[in-house]
Amino acid sequence: MIAKWRLILTLWFYRVLLLLGLKGEEVHYIGGSEALPPPLNREEEEYLLGKLHTGDSAVRAMLIERNLRLVVYIARKFENTGINIEDLVSIGTIGLIKAVNTFDPEKKIKLATYASRCIE
């Protein structure tokens with residue numbers, strides 16, 4: 007229950023930062039695991055996916071940011087192709103955005119499973 011309230015408060019903060027135009031100024035480097043935000047637990051993901059259909063940009067932003075570790079994980083699989091890791095992460099992030107925009111929670115599949123196909 008506390009985790010749900012923490013998520014609601016974080017989501018409210020996201021909305022305020024987006025309204026003030028301050029949310030887009032963060033820069034994360036993919037070299038260390040502490041640079042990326044932690045992944046969502048099951049309860050948090052279910053809550054956000056339930057709110058996704060409302061068109062709330064803060065929900066969408068949080069789902070994208072909290073799944074960036076998946077993008078980095080998949081991008082590192084393709085490091086030996088000769089393409090720069092930053093380029094792979096950029097392309098993978100576009101796939102993640104597409105996945106969040108087109109995901110249908112009614113299909114009973116996890117977002118990470120669906121997103122991994124869009125990222126690759």
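Residue numbers for the sequence shown, in the numbering used here: 7 to 126. Think of the CB as a built atom: it goes at the ideal place given N, C-alpha and C, for glycine as much as any other residue.
By how many angstroms is the C-alpha of residue j removed from the C-alpha of residue i?
i	j	result
A121	P45	14 angstroms
I97	F84	12 angstroms
L24	Y79	27 angstroms
L17	G61	13 angstroms
T119	H59	19 angstroms
L15	I89	39 angstroms
F109	G27	26 angstroms
R48	V22	25 angstroms
Just to confirm my understanding: we take residue i, look at its own chain, exclude 5 residues before and 5 after, and list those with CB closer than 7 angstroms. What are they?
i	result
Y20	K29, A64, A67 and M68
L13	E50 and Y53
I100	none
Going along the chain, which residues of its own chain have a beta-carbon closer than 8 angstroms to the beta-carbon of residue i, five neighbours each way excluded?
i	result
L102	I70, N73, L74, L76, V77, A121, C124 and I125
N107	R66
For residue i, which residues from the same chain have a beta carbon less than 6 angstroms from its beta carbon, with the 5 sequence-adjacent residues on both sides left out?
i	result
L55	P111
T87	none
If I'm right that residue i touches residue j with Cβ under 8 angstroms, what's the distance once you round it to whole angstroms?
i	j	result
E51	L117	6 angstroms
Is it true that the CB of residue j sits closer than 8 angstroms to the CB of residue i?
i	j	result
K10	Y53	yes
A105	I91	no
Identify the continuous alpha helix (DSSP H) that holds residue i and give its terminal residues.
i	result
L76	L74 to K83
E51	R48 to L58
K10	I8 to L26
T87	Unbroken run through T87: none, as it is neither H nor E.
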